[in-house]
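A.B. asks: Before I ask anything, here is the structure I am working with.
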Amino acid sequence: MYIRTLTTLFLLLSLASCERDFSAHPSDQSSLAWSADTISFDTIPVGYVTPTLRIALYNQSNEDYTIDNVSLTGAEASPFMVNVNGAETYADNVRLRASDSLIVFVALKANYINTGLATQRLTDCLSARSGNKHWTVQLRAILQNRHVVSGALTTPTEWSQDSIPYLIADSVVVEKGSSLTISNGAKVIFANSAKLISRGNLTVVGSKSRPIVFCQQRSDSYYADIPGQWDGIYLCRGAKATISNADIACPTHALSVDSAAELVADGLLIRDVSKSGISATDASLTLSNSIVINCGESAVSIHGGSLSLAHVTISNYYAWDYRHTPSVSVRHSADSDFNVSIVNSIVMGNLDDEVIVDSIVSGFSLISHSLLRTSKKDVVASDTVHFLNCQVATDARFANRQNRDLHLKQSSPAYHTADASLATLYPYDFEGSLRSLADSISMGALQLSK
């Protein structure tokens, strides 16, 4: 045992004594490479701690280098800071052995976190210099100021700031007897799992050019269409909501409506929802000139109560998982009156049955002048009590469904086949185009063709 220990120590000392000396070769070689050409920070909210990112500088040759300098172009004035072998902003004469790498950490300086500007784009370059060679990395960050809101709203409240968005970090509750009005092109962003709950009155008033936006906190392009990044908007029992010209993007549930609650919406866009777009129980839903795109469950689901869809386009081709429920799901309830009215609308998706016909015909309901995807084509054609001038197809022939252009091709079965008399109640389409200017009226939310 004693001899074995001495032998082990002798081998370790021999290896240590054999480590070669550092030998820097000419510094104008081109064998250095950063692991990326750009470092992009996610949008950083004011008041939040900046993340720290890392990047590696690789020596791809079998020769040692002495890197003259690793530094930020902006030097001390840069909004960024780096850590290179424990040095901030810059480091000189950095040794990098053959086939080895240098790790550099990058963060945003703390004093830039408290700017009062609405949005600020920050840029700089991280550069490694060896002789007459330079290796550069672009640094980018977006700093955004936000009104952080949370808790209960017990008095009438208005959110109307259009330059600085409102951040719901946890939950906001509009209490019974109170109200929340959102206007003037305001943007409401939600942290992960955050929600807006209304027990009182919710009024959302946007315009075609400046819609109200409800969306996820993360705004870089990677997260633009990922569903389920925040919880949703909830209307509790007896609550009332009026929504005009608003976009709801990437929630788990877009709108959940409890019993005896009322939702009236026009010009509403709902997209990229991990569960139901609009779900209601014994409630009243009225939706016009609106679009619902890609929900993991139903686009519109009701259990009792009433449903009215007029000039609505549903394009439900959810790609994140297999969807089992139809785009329009109707169930009866013994606790409330029940009626369904769907006129001049399009219900399309990748299931064979996007409207379960049996559930429609068993209640007081009428679907008129609408394009449906269903396997019950014979029932739709023969049952003139519940279906009037409806068409069944597997393809609506949108201009470019994959790019979410839901204008109709002129070859679409929904093109110029709507009920013009019913359309007079909805003179403007989703984009604000006047329907009466067209020779004939088309089904769906968009009047103009492509």
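Read in order, the letters of the sequence shown are residues 653 to 1102 in our numbering.
Don't be surprised by glycine CBs; every beta carbon is placed ideally from N, CA and C.
Given a cut-off of 7 Å on the beta-carbon distance, is the pair A804 and S850 in contact?
C.D. replies: The residue you call residue 804 lines up with position 152 of the sequence shown. The residue you call residue 850 lines up with position 198 of the sequence shown. No, Cβ-Cβ distance for A804 and S850 is not below 7 Å.
A.B. asks: So does the segment 753-761 actually touch the segment 695-715, counting three or more Cβ pairs closer than 8 Å?
C.D. replies: At 8 Å Cβ cutoff, the stretches touch.
A.B. asks: Can you say whether Q1062 is buried or exposed, counting buried as having 16 or more other CB atoms within 10 angstroms of its CB?
C.D. replies: Residue numbering aside, residue 1062 sits at position 410 when the sequence shown is read from its first letter. It counts as exposed.
A.B. asks: For G783, which of D744, S835, W811 has the nearest alpha-carbon?
C.D. replies: The residue labelled residue 783 in the question sits at position 131 within the sequence shown. If we check each option's Cα against that of G783, D744 comes out closest.
A.B. asks: How long is the line joining the alpha carbons of T725 and Q790, rounded to whole angstroms?
C.D. replies: Position 73 of the sequence shown, counted from the start, is the residue given in the question as residue 725. Position 138 of the sequence shown, counted from the start, is the residue given in the question as residue 790. So the alpha carbons of these two residues sit roughly 10 Å apart.
A.B. asks: Can you give the Cα-Cα distance for S896 and L939, rounded to whole angstroms?
C.D. replies: In the sequence shown, counting from the first residue as 1, residue 896 sits at position 244. In the sequence shown, counting from the first residue as 1, residue 939 sits at position 287. Approximately 10 Å, taken between the alpha carbons.
A.B. asks: Taking 6 Å as the limit between beta carbons, can you name the residues of its chain near I922, skipping five residues before and five after?
C.D. replies: Taking the sequence shown and counting its residues from 1, one reaches residue 922 at position 270. Short of 6 Å from the beta carbon of I922, and not among the five residues preceding or following it, lie these beta carbons of its own chain, in chain order: I900, A906, G929, V944.
A.B. asks: Using three-state DSSP, classify I1012 as helix, strand or coil.
C.D. replies: The residue given as residue 1012 occupies position 360 in the sequence shown. Helix.
A.B. asks: Does DSSP put Y875 in a helix, a strand or coil?
C.D. replies: Against the sequence shown, residue 875 aligns to sequence position 223. Secondary structure of Y875 (DSSP, three-state): helix.
A.B. asks: How many Å lie between S993 and K839 at the Cα?
C.D. replies: As a working mapping, residue 993 is identified with position 341 in the sequence shown. As a working mapping, residue 839 is identified with position 187 in the sequence shown. If you take the alpha carbons of S993 and K839, they lie about 32 Å apart.
A.B. asks: Measuring alpha carbon to alpha carbon, tell me which residue in E949, L819, D1071, D689 is nearest A971.
C.D. replies: To locate residue 971, count along the sequence shown from 1; it is residue 319. Of the candidates E949, L819, D1071, D689, the one whose C-alpha sits nearest the C-alpha of A971 is E949.
A.B. asks: By the 10 Å Cβ neighbour count, where 16 or more other Cβ atoms means buried, how is V1037 classified, buried or exposed?
C.D. replies: Taking the first residue of the sequence shown as position 1, residue 1037 is located at position 385. Exposed, because fewer than 16 other Cβ atoms sit within 10 Å of the Cβ of V1037.
A.B. asks: Whose C-alpha, out of V1013, Q869, V800, is nearest the C-alpha of L1040?
C.D. replies: The count along the sequence shown starts at 1 and reaches residue 1040 at position 388. Comparing Cα-Cα distances from L1040 to each of V1013, Q869, V800, the minimum goes to V1013.
A.B. asks: From the DSSP output, read off the bridge partner residues of M1000.
C.D. replies: Along the sequence shown, read from residue 1 onward, the residue named residue 1000 stands at position 348. Paired residues: S967.
A.B. asks: For D1005, I'd like the list of residues in its chain whose CB is within less than 8 Å of its CB, leaving aside the five on either flank, ordered along the chain.
C.D. replies: Here residue 1005 is taken as the residue at index 353 of the sequence shown, counted from 1. Within the same chain, D1005 has close Cβ partners P978, R1025, T1026, S1027, K1028.
A.B. asks: Which whole-angstrom value is the C-beta distance of T812 and N797, which I expect to be below 8 Å?
C.D. replies: Here residue 812 corresponds to residue number 160 of the sequence shown, with the count starting at 1. Here residue 797 corresponds to residue number 145 of the sequence shown, with the count starting at 1. A small fix is needed here, since residue 812 is Ser in this sequence, not Thr. The Cβ separation is near 16 Å, so there is no contact.
A.B. asks: Given this structure, state the Cα-to-Cα distance separating W882 from R1049, to the nearest angstrom.
C.D. replies: Position 230 of the sequence shown, counting from 1, holds the residue named residue 882. Position 397 of the sequence shown, counting from 1, holds the residue named residue 1049. Between W882 and R1049, the C-alpha separation is close to 32 Å.
A.B. asks: My output table needs one value for F674: the three-state DSSP class, helix, strand or coil.
C.D. replies: Position 22 of the sequence shown, counting from 1, holds the residue named residue 674. Its pLDDT being 49, under 50, F674 is placed unreliably by the model, and nothing is read from it.
A.B. asks: Tell me the start and end of each unbroken beta strand (DSSP E) in the segment 686-749 that is at least 3 residues and wholly inside, in chain order.
C.D. replies: 690-692, 705-711, 717-724, 732-736, 742-748
A.B. asks: Sort out for me which residues DSSP pairs A962 with in a bridge.
C.D. replies: Here residue 962 refers to the residue found at position 310 of the sequence shown. Paired residues: S940, V995.
A.B. asks: In its own chain, which residues sit with a C-beta less than 8 Å from the C-beta of Y1080, not counting the 5 before and 5 after it?
C.D. replies: Residue mapping note: residue 1080 aligns to position 428 of the sequence shown, counting from 1. Same-chain partners within the cutoff: N941, L1086, R1087.
A.B. asks: So K839 is in the beta strand (DSSP E); what residue range does that whole segment cover?
C.D. replies: For the purposes of this step, residue 839 is taken as the residue at position 187 of the sequence shown. K839 -> beta strand (DSSP E) spans 839-842.
A.B. asks: Taking the alpha carbon of Q868 as the reference point, which residue from N844, C947, L937 has its own alpha carbon closest?
C.D. replies: Against the sequence shown, residue 868 aligns to sequence position 216. Checking every option, the nearest Cα to that of Q868 belongs to N844.
A.B. asks: Helix, strand or coil for S831 per DSSP?
C.D. replies: Residue 831 sits at position 179 when you count from the first residue of the sequence shown. Shown here, S831 sits in a strand according to DSSP, grouped into three states.
A.B. asks: Go ahead and pull the three-state DSSP assignment for A901.
C.D. replies: Your numbering for residue 901 matches position 249 in the sequence shown. Note: A901 maps to strand in three-state DSSP.
A.B. asks: What's the gap between the Cα of G919 and the Cα of F1082?
C.D. replies: For this step, residue 919 is matched to residue 267 along the sequence shown. For this step, residue 1082 is matched to residue 430 along the sequence shown. A direct Cα-to-Cα measurement between G919 and F1082 gives close to 5 Å.
A.B. asks: Near V746, which residues of its chain fall below 6 Å by C-beta distance, leaving aside the five closest residues on each side in sequence?
C.D. replies: Within the sequence shown, the letter at position 94 stands for residue 746. Same-chain partners within the cutoff: I719, V722.
A.B. asks: Below 8 Å on the Cβ atoms is my guess for P1065 versus A1033; work out the distance and round it to an integer in Å.
C.D. replies: Your numbering for residue 1065 matches position 413 in the sequence shown. Your numbering for residue 1033 matches position 381 in the sequence shown. At roughly 14 Å, the Cβ-Cβ gap does not stay under 8 Å, so P1065 and A1033 are not in contact.
A.B. asks: How far does the alpha helix (DSSP H) with S1073 in it extend, from its first residue to its last?
C.D. replies: In the sequence shown, residue 1073 corresponds to position 421, counting from 1. Segment 1072-1075, the alpha helix (DSSP H) holding S1073.
A.B. asks: Closest to S683 by C-alpha separation, out of T807, S936, L709, S713, would be which residue?
C.D. replies: Here the question's residue 683 lines up with position 31 in the sequence shown. Checked all of T807, S936, L709, S713; the closest Cα to S683 is S713.
A.B. asks: Using a Cβ-Cβ cutoff of less than 8 Å, which residues in the same chain neighbour G1015 once the five nearest sequence positions on both sides are dropped?
C.D. replies: The count along the sequence shown starts at 1 and reaches residue 1015 at position 363. Excluding five sequence positions before and after G1015, the CB atoms of its chain that fall closer than 8 Å to its own CB belong to V982, H984, F990, N991, V992, given in chain order.
A.B. asks: Does the beta-carbon distance from V980 to V1007 come in below 7 Å?
C.D. replies: By one-based count along the sequence shown, residue 980 stands at place 328. By one-based count along the sequence shown, residue 1007 stands at place 355. Result yes, Cβ atoms of V980 and V1007 sit closer than 7 Å.
A.B. asks: Using the DSSP secondary-structure output, state which residues sit across from S1064 in a beta bridge.
C.D. replies: By one-based count along the sequence shown, residue 1064 stands at place 412. Bridge partners of S1064: none, in fact.
A.B. asks: From T771 to I816, what does the alpha carbon distance come to, in whole angstroms?
C.D. replies: To locate residue 771, count along the sequence shown from 1; it is residue 119. To locate residue 816, count along the sequence shown from 1; it is residue 164. Near 8 Å, if we compare the C-alpha coordinates of I816 and T771.
A.B. asks: Given E728, which residues of its chain have a CB within under 8 Å of its CB, disregarding the five upstream and five downstream residues?
C.D. replies: Translated into positions along the sequence shown, residue 728 becomes position 76. T741.
A.B. asks: When the Cα atoms are used, what is the spatial distance from I966 to D814?
C.D. replies: As a first step, residue 966 is located in the sequence shown; it is residue number 314 there, counting from the start. As a first step, residue 814 is located in the sequence shown; it is residue number 162 there, counting from the start. When rounded, the distance between both Cα atoms is 29 Å.
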